[in-house]
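Residue numbers (this note's numbering), protein chains in the order written: chain A, 202 to 505; chain R, 10 to 290.
Where a beta carbon is used, it is the ideal one built from N, C-alpha and C, also for glycine.
Below: one structure, written as structure tokens.
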Amino acid sequence: MASPRARERIPLSRVSEFTIETLIRVLGFSTIGLVLLIFLFLLREGMPVFFEVPLRGLFSSRWYPTFAIFGALPLILGSILVTLLAIVIALPLGVATAVFVREVAPRWAREILKPIIEVLAGIPSVVLGFFGMTFVAPLVRDVLGAPTGLTAFSGAIILAYMALPTLISVAEDALDSVPKSYRDAGLAMGATRWQTIWRVVVPAARSGILTAVMLGMGRAIGETMAVMMVTGNAAVMPSSLASLFRPVRTMTATIAAEMGEVARGSTHYHALFGIGIILFVLTFFINLAAAKAIFQKKRKGGLR
Amino acid sequence: MNRALAQKLGFALLGLVSLLVVVPILVVIGVIVARGIVAINWQFLTTMPHGGMKEGGILPAIVGTLLLTLGTALVAVPIGIGGAVYLSEYARDTRLTRAIRLAIVNLAGIPSIVYGLFGLGMFVLFFRFGTSILAGSLTLAIMTLPVIISTAEEALRAVPQEFRTVSSSLGGTRWQGIRNIVLPQALPGIITGVILGLLRAAGETAPILFTVAAFYLPRLPSSPLDQTMALPYHLYVISTQVPGMPLSVQYGTALVLLGLVLSLNIVATLIRGYFRRKRQW
């Protein structure tokens, strides 16, 4: 298969070969540098806030930048609330769909389902946010009788669907890596396919499914545009279950909404970068944990 | 007895849940197409907006998005493919390699708005590129990198080991083998990955909020240091910041963005499918 051109071409001199290989190595290492660089710049612009505002103030329950009150707690809780709710919605949907696609669906159904789910992964978040605003939110308002449809709940629905493609594909991989012998053993014991799936295959894939949930969560907590457009953006403390059906404000939406009007070097500017640091650290650890699970599985070449 | 029935019911339930996942996706696309198509005509696609964006077209936003995507490609594609070649052809399973992989997973997981902050801090302010196509492209490129690296590496790894062995047994150096044999064989897979990565960049709003995007700028950019409008940001602006915007224009803009992204998505899938059928290994 080697093309005949390979022989005609004048061999590269040792020097240029060395140059190219060095370049490739540098490019290979560049990703580590980029992660560090991103963290460095966040620190550079965000650290001052920890000196300008006392720590108690930063974690107080009120975020009123116009009055120089920068309590990030409502934003953090807003993010957590919306993300958890999204996962609660996405997990059963995602696992059931992954099981259906991998274990149950006939070939034709699989070949319709998979591309549609892939399409969802490709829809820009601003488009989903726009759809949520103009279509889902009015629906939520009418069904629940809430004064506005722009609530934590509407945001969580949109987020759940945004997390689904990741969740489904990682969960599918997890189911796929369960050895066939497990299924055979289950069936040989006289269990139905249904019983085998829920009592053998899914439990055996649970660590992979957990990874899927974590990756989905990482995606959901960092999502910006859709959340900003759909959750109503009120920086109030989510205090009870009723908060689900009121507007909330997430960390990501706060940065996106306020950074445009902020003077460089002001406390507000530093505070927004400070929120960026929190987000970076949070997603870093979520992904670290998920990555660890993925790498471990690969090295042991199979389960758990 | 009821075990068979339970299984039937169970499978039916799973099928129903899958429908619950898939049908809303089709609804989203259906609604946007149905409500947006009325706004779309030649004039909408090829003229400047005027009258506070309520009239005229969205040409500068389309051009802006294309330019940003091009800029992203110019930066991300060489770095991404280089990184993938390193991981697939050079790297051994060392601590350092694992650190690189970890870095890629983490880059992929960093929220897009944090990329926006980073771009603002580094490219706009520190390097003094200002809010510009250059700053935005660089920001988007870094965000796209992990997608391109992982898909390109997968494509490179799929090339059978024998190809490399044959190349070196003919006296080729490692780089010659990569350049003349491995890369061309992996090209379709790499192209698919590149398109998928660029699609994400084209549809992103958060990273360009503070690095490129112009709220309303009814002219075409003339240099990489110019600001520009962009489709995703434009959709955000007209749907949340401009009171009294006709809904049809909003849906029309959403449809143009969705159409751009989905059609390229389909192209990527077709390329992958076509070459998968064609190759002989």
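I believe R/A70 touches R/H243 by the beta-carbon criterion, under 8 angstroms. Please report the beta-carbon distance rounded to the nearest angstrom. 4 angstroms
Can you list, in chain order, the residues of its chain with a C-beta nearer than 8 angstroms to that of R/L143? Leave out the 5 residues immediately preceding and following it. G80, F132, P233, L234
Mind pulling the chain R residues with CB within less than 7 angstroms of A/Y362? P33
Within a Cβ cutoff of 6 angstroms, which residues of the same chain sit near R/L116, ignoring the five residues on either side of it in sequence? P155
Going straight from the alpha carbon of R/S176 to that of R/G186, what length do you get? 5 angstroms
Anything in chain R within Cβ reach of A/E222, meaning under 8 angstroms, just list it in chain order. Y99, R183, W184
What did DSSP end up calling A/Y383 once you bin it into helix, strand or coil? helix
Any idea which residues DSSP pairs A/H469 with across the strands? Per DSSP, none; premise fails for A/H469.
Enumerate in chain order the residues of its own chain whose CB-to-CB distance from R/T153 is below 7 angstroms, with the five nearest sequence positions on each side excluded. T81, A85, G206, L207, R209, A210
Contact between the stretch 88-104 of chain R and the stretch 260-274 of chain R: three or more CB pairs below 8 angstroms? no
A/P366 (DSSP reduced to helix, strand or coil): Here A/P366 carries a helix assignment [DSSP, helix/strand/coil].
Could you pull the start and end residues of the alpha helix (DSSP H) that A/D343 belongs to? 338-345
Leaving aside the five residues before and after R/E171 along the sequence, list all residues of the same chain whose C-beta is less than 7 angstroms from its C-beta, in chain order. none
Let me know the secondary structure DSSP gives R/P58 once reduced to three states. strand
Nearest neighbour of R/L256, chosen from A/L243, A/R407, A/I478, A/F331 [CA to CA]: A/F331
For A/L256, tell me which candidate among A/M430, A/T393, A/G272 has the shortest Cα-Cα distance. Closest by alpha carbon: A/G272.
Along the chain, where does the alpha helix (DSSP H) containing R/N50 start, and where does it finish? Premise fails: R/N50 is in no alpha helix (DSSP H) and is neither H nor E.
Three-pair Cβ contact test at 8 angstroms for the stretch 425-434 of chain A versus the stretch 302-317 of chain A: no
Measure the alpha-carbon distance for A/I369 versus A/G295 and round it to whole angstroms. 5 angstroms
Taking its Cβ as the centre, do 16 or more other Cβ atoms sit within 10 Å of R/L264, making it buried, or is it exposed? buried
Since A/S355 meets chain R, which of its residues come closer than 7 angstroms, beta carbon to beta carbon? Residues of chain R whose Cβ lies closer than 7 angstroms to the Cβ of A/S355 do not exist, since the nearest Cβ in that chain is about 13 angstroms away.
Any C-beta of chain R sitting closer than 7 angstroms to the C-beta of A/N488? yes
Could you list which residues in chain R have their beta carbon closer than 8 angstroms to that of A/V320, in chain order? I34, I38, L271, N274
Extent of the continuous alpha helix (DSSP H) to which A/R263 belongs: Counting along the chain, A/R263 falls outside any alpha helix (DSSP H), and DSSP gives it neither H nor E.
Between R/A93, R/L35, R/A13, R/L129, which has its C-alpha nearest A/E319's C-alpha? R/L35
Could one say the Cβ of R/F284 lies closer than 7 angstroms to chain A's Cβ atoms, at least one of them? no
Taking the DSSP output, what are the residues bridged to R/T237? R/A222
Where do the N-terminal and C-terminal ends of the alpha helix (DSSP H) with A/L241 fall, by residue? For A/L241, the enclosing alpha helix (DSSP H) stretches over residues 215-247.
Please go through the same chain and pick out, in chain order, the residues whose beta-carbon is closer than 8 angstroms to the beta-carbon of R/I4, but skip the five residues on each side of it. Because chain R spans 10 through 290 in this model, residue 4 of chain R falls outside it and cannot be assessed.
By Cβ distance, which residues of its chain are closer than 8 angstroms to A/L411, with the 5 residues on each side in sequence left out? A494
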